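Residue numbers (my numbering), protein chains in the order written: chain X, 627 to 905; chain C, 627 to 905.
Next comes the structure, spelled out in structure tokens:
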């Protein structure tokens, strides 16, 4: 459902500037878990709304995620050649196109969210949540701290801060926006956000472990790259076993945040999936 | 007024991640014409609202402009060393920080606009206009066409399309958003947008001429750089004299778009200023 809607929302590759639109489609329509849209729609189900009603908002979150992947892969940042099993955007289209494709996806995310079928009051709140999650206290700030940590040793609190911003902020925002736009009461929105913060941590620790243990074929991108770059990761700081325990604990904390709440089937499944990805 | 408000809206340089916040402040608080906020507030005056009521919306437009300058200056795009009389963001802070500082300014623009004191209905419309003006049919698409034109000869219609997207879209959006948020009727919003399209063209042609004729000291950035790169410009396609005439005509068309409209003093002054910048 998300893939089909993204294909509609993205500008056609036949339309000028074709190079830019091709690059946007290439990066966005590559196979992905679509974690953020699924969590956003899972939160809507919890709030009693149909998943479909949050499809566009979910796609907006995925567009922000895709923008951040393209920019993070750039030579000046993580310098990755492979993403989702294929050449990264700048390896395929050149750096200039990749920078601009990321920027354009970011703009399209806001355009998609602002055009989605919800009341203006809720949309303005959702747009404020999204931009806070994307900015210097969220995604982009987390990526900055992640780069800085390659050169300076970090402790457990700093690592958690990096992961909370780099991954947690947008995942928590996905759950919060899903609940909010579906009409959940503030207390439930808060619980959904708390779920998202824990689930985001579980996914990021699991990604750290997978980066350490998988082959590039399993991963769709370079394996062991975090260690080679001296990135701050859970396995690097605590070892594999303790990292598995931390991921498990975060997954359980996510589920606990929704205790007593009805219709949480999909979100509970997702929290379990975070730590059951074959490591 | 704009400079003081931008200094408040930008995260403090003392706050983590300090490198990112320093770079954002460095690029945004460098001396600039603040053209987009002034036009936005000028449009509000036309609509009968106090200029101050559009200060935050105007700052959001300036943040989008600053984001685009930082990314356009990057080595992979225009590779500029000097901007507003000082080293470009990536020359001062490195490429990774510059990419992320641009991204963070873009996010802050949406956060600022979504938090500005207007009705939710109007804000959602303004956010949709801003994201359309920034995306592939506006700013970012125009920059892509601008790069492509370095390698392929363009004709007059293509040049006008590039300038309309690269510069015109955000300037027209500034006027449109100013009128809309100030409560102007649709017909007046349309006139303000038309003014902005013509004024944007006048400013861009004048910039083309200044790039060709000025010294780096006058310009605050490299002079003659457009020609060295084979950029599509008015002087390149039509010569200096015809470009001056085209800028003058665009400036007059901007003023004509507001004929019979009251309180247009500031906007008329700005349209004249576009073509009276010492070339």
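All residues carry an ideal CB built from backbone N, CA and C; glycine is no exception. If you're wondering where the values come from, they're calculated on a predicted model, not measured in any experiment.
query: Beta-carbon neighbours of residue 829 of chain X, restricted to chain C and to distances below 7 Å; result: In chain order: nothing, as chain C lies at least about 22 Å away.
query: Simplified DSSP state of residue 842 of chain C, which is helix, strand or coil; result: helix
query: Inter-residue CB distance, residue 636 of chain C and residue 660 of chain C (contact presumed, cutoff 8 Å); result: At roughly 14 Å, the Cβ-Cβ gap does not stay under 8 Å, so residue 636 of chain C and residue 660 of chain C are not in contact.
query: Test: residue 652 of chain X CB closer than 8 Å to a CB of chain C; result: no
query: Beta-bridge partners of residue 712 of chain X, as assigned by DSSP; result: X/709
query: Assigned secondary structure, residue 763 of chain X (DSSP; H/G/I helix, E/B strand, else coil); result: coil
query: Option nearest residue 694 of chain C by Cα separation, candidates C/723, C/680, C/732; result: C/732
query: Cβ neighbour criterion (16 or more within 10 Å) applied to residue 678 of chain C; result: exposed
query: Distance between residue 758 of chain C and residue 767 of chain C (C-alpha atoms, nearest Å); result: 10 Å
query: DSSP state of residue 593 of chain C mapped onto helix, strand, coil; result: Nothing about residue 593 of chain C can be reported from this structure: the residues present for chain C run from 627 to 905 only.
query: Residue 796 of chain C to residue 687 of chain X span [Cα, whole Å]; result: 24 Å
query: Members of the stretch 689 to 711 of chain X near chain C, C-beta cut-off 7 Å; result: 697, 700, 702, 703
query: CB contact below 8 Å: residue 762 of chain X versus chain C; result: yes
query: Anticipated Cβ contact below 8 Å, residue 752 of chain C with residue 806 of chain C, distance rounded; result: 6 Å
query: is_contact[residue 719 of chain C, chain X] using C-beta, thresh 8 Å; result: no
query: Where residue 670 of chain C falls, given that 16 or more other Cβ within 10 Å makes a residue buried; result: buried
query: Residue-level contact to chain C via CB, residue 737 of chain X, 8 Å cutoff; result: yes
query: DSSP three-state assignment for residue 811 of chain X, whether helix, strand or coil; result: coil
query: Members of the stretch 739 to 755 of chain X near chain C, C-beta cut-off 7 Å; result: 740, 741, 746, 747, 749, 750, 753, 754
query: Sequence-distant residues of the same chain with beta carbon closer than 8 Å to residue 737 of chain C, five excluded per side; result: none
query: Contacting residues, own chain, Cβ-Cβ under 7 Å from residue 908 of chain X (five flanking each side not counted); result: There is no way to answer for residue 908 of chain X, as the model of chain X reaches only from 627 to 905.
query: Any chain X beta carbon closer than 8 Å to residue 803 of chain C; result: no
query: Closer than 8 Å at the beta carbon, the chain C residues around residue 643 of chain X; result: 762, 767, 770, 771, 774
query: Other residues of its chain near residue 711 of chain C: CB distance less than 6 Å, five sequence neighbours each side excluded; result: 846
query: Chain-ordered chain D contacts of residue 733 of chain C [CB-CB under 7 Å]; result: You won't find chain D in this structure, because its protein chains are X and C.
query: Span separating the alpha-carbon of residue 717 of chain C from that of residue 901 of chain X; result: 42 Å
query: Residue 709 of chain C, buried or exposed, once every other Cβ within 10 Å from all chains shown has been counted against 16; result: buried
query: Own chain residues within Cβ distance below 8 Å of residue 654 of chain X, not counting five before or after; result: 632, 636, 688, 689, 692, 731
query: Buried versus exposed, by CB contacts within 10 Å (16 or more), residue 675 of chain X; result: buried
query: Residue burial classification, residue 643 of chain C (beta-carbon count within 10 angstroms, cutoff 16); result: buried
query: Under 8 Å between C-beta atoms of residue 696 of chain C and residue 728 of chain C; result: yes
query: Any C-beta of chain X under 8 Å from that of residue 789 of chain C; result: no
query: The stretch 868 to 875 of chain C contacting the stretch 784 to 803 of chain C, beta-carbon criterion three pairs below 8 Å; result: no
query: Span of the alpha helix (DSSP H) around residue 675 of chain X; result: From DSSP, residue 675 of chain X is part of no alpha helix (DSSP H); its letter is neither H nor E.
query: Below-8 Å beta-carbon distance, residue 593 of chain X vs any chain C residue; result: For residue 593 of chain X there is no data in the structure shown, the boundaries of chain X being 627 and 905.
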